[in-house]
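Inspection log for the structure reproduced underneath, given as structure tokens.
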Amino acid sequence: MRIIGIDPGLRFTGWGIIESEGNRLHHVANGVIKTLSTNELPRRLVEIHDGIQAVLSDYQPDEAAVEITLANKNPSSTLKLGMARGIALITPALIGLPVGEYLPMIVKKSVVGTGHATKEQVLMMVERLLPGCKATSTDASDALAIAICHAHNVTTGRKWAAGVEDPIAAALKKAGVEDPRVASKKTSKARGKKFR
């Protein structure tokens with residue numbers, strides 16, 4: 000499966016493409032879409048859209064993953080960043096790609112092992128996890144980290160769907176406790192039958 004990770008930003012939008020084959024990850028490409036701060040906002044958003052669209056066309060990914068942006072102290076900057084993120088979400092969605100969304104802390108924990116990793120630590124681990132990869136910038140390495148996080152998430156989900164034992168369910172079973180996720184599904188089904 001080919002995945003594009005996108006780290007949205009108004010000035011620099013990082014992107015990274017990886018191939019995921021089971022537990023194996025391979026670097027395909029990475030880069031940054033740059034916009035000029037002297038251009039008007041609508042023009043910059045179009046440039047982000049066109050840049051992502053070109054990458055999608057060139058590399059034909061199967062799925063996309065976008066980082067969830069958090070609010071900062073400046074409301075105007077937060078709003079503009081949200082607009083860039085909207086472009087990052089809608090561009091792959093418009094061509095029918097599934098799009099995953101991940102908080103920065105989840106991405107860092109998935110790649111580095113801690114949710115408070117620095118950009119330099121993320122870059123180092125990305126290059127270690129993807130042999131031969133040289134990220135063009137920290138924005139690009141963040142995008143590759145987002146793609147790696149998505150690959151881990153998808154692989155784990157598919158293993159559980161294929162019957163590989165869910166570690167949470169296994170721990171609860173060992174402790175002799177009923178899995179509350181299963182119990183709530185049973186309750187929902189029982190309630191549904193009463194109203195039919």
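Using numbering that gives the first Met the number 0, you'd call the opening residue of the sequence shown number 0 and step up by one each time.
Backbone N, C-alpha and C define an ideal beta-carbon position, used for all residues, glycine too.
DSSP-derived helix/strand/coil call for residue i
| i | result |
| --- | --- |
| V163 | Annotation note: pLDDT 41 at V163 (below 50); position unreliable, no value reported. |
| G21 | coil |
| T12 | strand |
| H115 | coil |
| I105 | helix |
Local Cβ density within 10 Å of residue i, reported as buried at 16 or more and exposed below that
| i | result |
| --- | --- |
| P166 | Its pLDDT being 49, under 50, P166 is placed unreliably by the model, and the measurement read from it follows with that caveat. Classification of P166: exposed, given that the 10 Å Cβ count is below 16. |
| G8 | buried |
| R127 | exposed |
| H115 | exposed |
| K107 | buried |
| N73 | exposed |
| G95 | exposed |
| I89 | exposed |
| S76 | exposed |
| L69 | exposed |
| D6 | buried |
| A53 | exposed |
| P103 | buried |
| A139 | buried |
| E62 | buried |
| S19 | buried |
Start and end residues, beta strand (DSSP E) containing residue i
| i | result |
| --- | --- |
| D6 | R1 to D6 |
| A196 | The displayed coordinates of the chain run from 0 to 195. Any statement about residue 196 would go beyond what the structure contains. |
| E100 | V98 to Y101 |
Under 8 Å between C-beta atoms of residue i and residue j
| i | j | result |
| --- | --- | --- |
| A144 | G4 | yes |
| A150 | I16 | no |
| V31 | T135 | yes |
| A87 | Y58 | no |
| I147 | V110 | yes |
| V65 | R43 | no |
| A142 | G21 | no |
| L129 | L24 | yes |
| G99 | H26 | no |
Identified DSSP bridge partners for residue i
| i | result |
| --- | --- |
| K79 | Looking at the DSSP assignment, K79 forms no beta bridge with any residue, so it has no partner. |
| V31 | G13 |
| H149 | None, per the DSSP bridge assignment. |
Limits of the alpha helix (DSSP H) - the one that residue i falls within
| i | result |
| --- | --- |
| P41 | L40 to Y58 |
| K118 | K118 to L128 |
C-beta neighbour in chain C for residue i, strict 8 Å
| i | result |
| --- | --- |
| G81 | This model lacks chain C altogether, as it is built from one protein chain only. |
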